[in-house]
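Working notes, beginning with the structure itself.
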């Protein structure tokens with residue numbers, strides 16, 4: 067059973083704040099045992115699913131934050147904040163990461179040139195792929211591909 071809150075005269079400001087904090091949950095939970103609290107200010111589940119599906123299906127096409135925001139009927143600024151709250155990174159960073167992941171998969175599954183892979187991932191050219199890949203992975207796409215192919219052959 068809950069204890070009654072102390073009256074302001076019975077406890078100092080710290081005591082009252084502690085008593086209130088103990089009774090008010092910080093964030094609502096999804097209800098599943100062991101689940102994380104829901105992100106505050108994030109995208110609704112349907113919005114997040116729709117954006118992620120759209121990004122995955124259209125990686126080869128130019129994708130802007132304005133387009134993604136319009137997809138879920140939000141302003142660009144609100145969408146960007148909500149997306150970061152839900153995913154943990156800004157939309158542009160997420161898009162670059164997904165393009166790099168797709169490039170890695172294509173490098174392992176096909177014999178396409180890096181230039182063709184760059185275009186298939188929505189990047190302007192091989193130099194663009196190399197610059198982003200080196201920043202994200204720490205090595206060039208060619209060196210990464212040679213290393214991975216050597217590991218799978220061994």
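Numbering (our numbering), first residue to last: 67 to 220.
We put the beta carbon where it would ideally sit given N, CA and C, even for glycine.
Separation of residue 184 and residue 191 (C-alpha to C-alpha, rounded to the nearest whole angstrom) is 6 Å. A residue is called buried once 16 or more other Cβ atoms fall within 10 Å of its Cβ, and residue 174, having fewer, is exposed. The segment 130–204 contains, as complete alpha helix (DSSP H) runs of 4+ residues, the segments 131–137, 142–153, 157–175, 180–186 and 192–203 (chain order). Note that the C-beta distance between residue 187 and residue 202 is not below 8 Å. Contact annotation, residue 116 with residue 137: C-beta distance approximately 6 Å; criterion of less than 8 Å satisfied. The three-state secondary structure of residue 114, taken from DSSP, is helix.
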